[in-house]
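Enquirer:
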Amino acid sequence: MYRSPSYETYSGSPLFSDSLSARLPVAGSIPRGYNAFFEYENTLEGYAAAGSELKNPLEKSETNVLEGERLYNIYCTHCHGKTGMADGSVIKGGAYPPPPAYSDGKSSRGGDMKDLSEGKIYHTIVYGLNLMGAHASQISPEERWKIIMHVQNLQNPISEKKETK
98 MYRSPSYETY
108 SGSPLFSDSL
118 SARLPVAGSI
128 PRGYNAFFEY
138 ENTLEGYAAA
148 GSELKNPLEK
158 SETNVLEGER
168 LYNIYCTHCH
178 GKTGMADGSV
188 IKGGAYPPPP
198 AYSDGKSSRG
208 GDMKDLSEGK
218 IYHTIVYGLN
228 LMGAHASQIS
238 PEERWKIIMH
248 VQNLQNPISE
258 KKETK
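So for the sequence shown, the numbering used here puts the first residue at 98; every next one is plus one.
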């Protein structure tokens, strides 16, 4: 590996029986930037389709919800705030307008934030929306679903308190 040979484009190679220096990718390779696990486009139609079709594949267990809260505190609280009321540290500084609050805000794509489906939230985490950047490269699909479990608790905090009593 210290001295790897390099070849000119389309030149032959004595290392392979077909003498090609340019090799095909291994079967099953995934091209950079391609997401085979999320087929919804970054459009209003893709957002609507994800909202009606995507369902959380993970069990809503205490472990998953707590992990979702932990991840939310890492990736989301700086803007959305610990309770989802759009009062994160970045917003308190006044440099950015607040995102809508989960429990009583209005979505910029229509409807109440408390009524956003898990598919729409997932789509927003993947692609971002308005000032929120895409988080697909930072948060794995499994972690996104766990965060969504916590966000759903923030969307309707009254029913969450009733369930725990």
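The C-beta atom is built at its ideal place from N, Cα and C for all residues, glycine as well.
Taking 6 angstroms as the limit between beta carbons, can you name the residues of its chain near tryptophan 265, skipping five residues before and five after?
Expert: Only positions 98 to 262 of the chain appear in this structure, which leaves residue 265 out of reach.
Enquirer: Asparagine 250: buried (16+ other C-beta within 10 angstroms of its C-beta) or exposed?
Expert: Locating residue 250 in the sequence shown gives position 153, counting from the first residue. Its Cβ being crowded by 16 or more others within 10 Å, asparagine 250 is buried.
Enquirer: Determine which residues share a DSSP beta bridge with lysine 189 and list them.
Expert: Indexing the sequence shown from 1 puts residue 189 at position 92. None, per the DSSP bridge assignment.
Enquirer: Run through DSSP, which three-state label would lysine 243 get?
Expert: Reading the sequence shown from its first residue, position 146 is the one you call residue 243. Of the three classes helix, strand and coil, the one that applies to lysine 243 here is helix, per DSSP.
Enquirer: Could you tell me which uninterrupted alpha helix (DSSP H) segments, each at least 4 residues in length, are contained entirely in the stretch 139-191, listed from first to last along the chain?
Expert: Correct list: 141-150, 159-172, 174-177 and 186-189.
Enquirer: Find the nearest neighbour of leucine 117 within the set Ser126, Tyr107, Asp201 and Ser237, judged by alpha-carbon distance.
Expert: Against the sequence shown, residue 117 aligns to sequence position 20. For the residues Ser126, Tyr107, Asp201 and Ser237, the minimum Cα distance to leucine 117 belongs to Tyr107.
Enquirer: Under a Cβ-count criterion, where at least 16 other Cβ atoms within 10 Å of its own Cβ denotes burial, should valine 123 be classed as buried or exposed?
Expert: As a first step, residue 123 is located in the sequence shown; it is residue number 26 there, counting from the start. It is exposed - the Cβ of valine 123 has fewer than 16 other Cβ atoms within 10 Å.
Enquirer: Would DSSP call aspartate 263 helix, strand or coil?
Expert: Here the chain covers residues 98 to 262 and nothing more, so residue 263 does not appear.
Enquirer: Pull up the distance between the alpha-carbon of tyrosine 99 and that of tyrosine 224, whole angstroms please.
Expert: The sequence position of residue 99 within the sequence shown is 2, counting from 1. The sequence position of residue 224 within the sequence shown is 127, counting from 1. Approximately 41 angstroms between the Cα atoms of the pair.
Enquirer: Within a Cβ cutoff of 6 angstroms, which residues of the same chain sit near glycine 148, ignoring the five residues on either side of it in sequence?
Expert: As a first step, residue 148 must be located in the sequence shown, where it is residue number 51. Closer than 6 angstroms at the Cβ level, and outside the excluded window around glycine 148, lie Ser214, Gly216 and Lys217.
Enquirer: So methionine 246 and asparagine 161 are in contact, right, with Cβ under 8 angstroms, and what is the actual spacing, rounded?
Expert: Position 149 of the sequence shown, counted from the first residue, corresponds to residue 246. Position 64 of the sequence shown, counted from the first residue, corresponds to residue 161. Contact holds; Cβ gap of about 6 angstroms.
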